[in-house]
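Numbering (our numbering), first residue to last: 131 to 236.
Below is one structure; the comments refer to it alone.
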């Protein structure tokens, strides 16, 4: 550590003298030491932008999949659901199913 402090100050001094010069060196170069830095401050916004993008992507994909699934269910699917919930009985289910299957798809 002492050699690092003497290289920052530029001359061999006592430990107390090197520590006295340290804040001036830090103030001159900023928190990046010798002036070389990697822009870590860009990583945090980039991370959150990627997280938000991922949520939007997954949400839209799930919505499209559910929307596509609901569109493919059609009238027979709705009729099956109503029969399963007990809203209609078996005779009404079969009658409506025959009507649906006898009509040409549009």
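A virtual CB, placed ideally from N, CA and C, is assigned to each residue, including glycine.
Asked                                                                                    : Found
Nearest-angstrom Cα separation, counted from residue 195 out to residue 188              : 10 Å
Check whether residue 230 and residue 211 have beta carbons under 8 Å apart              : no
Residue 230: first and last residue of the uninterrupted alpha helix (DSSP H) it sits in : 220–232
Cβ-based burial, residue 190 [other Cβ within 10 Å; buried from 16]                      : exposed
Rounded straight-line distance, which links the Cα of residue 178 to that of residue 170 : 14 Å
Neighbour-count burial assignment, residue 180, 16 or more Cβ in a 10 Å radius           : exposed
Cβ neighbour criterion (16 or more within 10 Å) applied to residue 184                   : exposed
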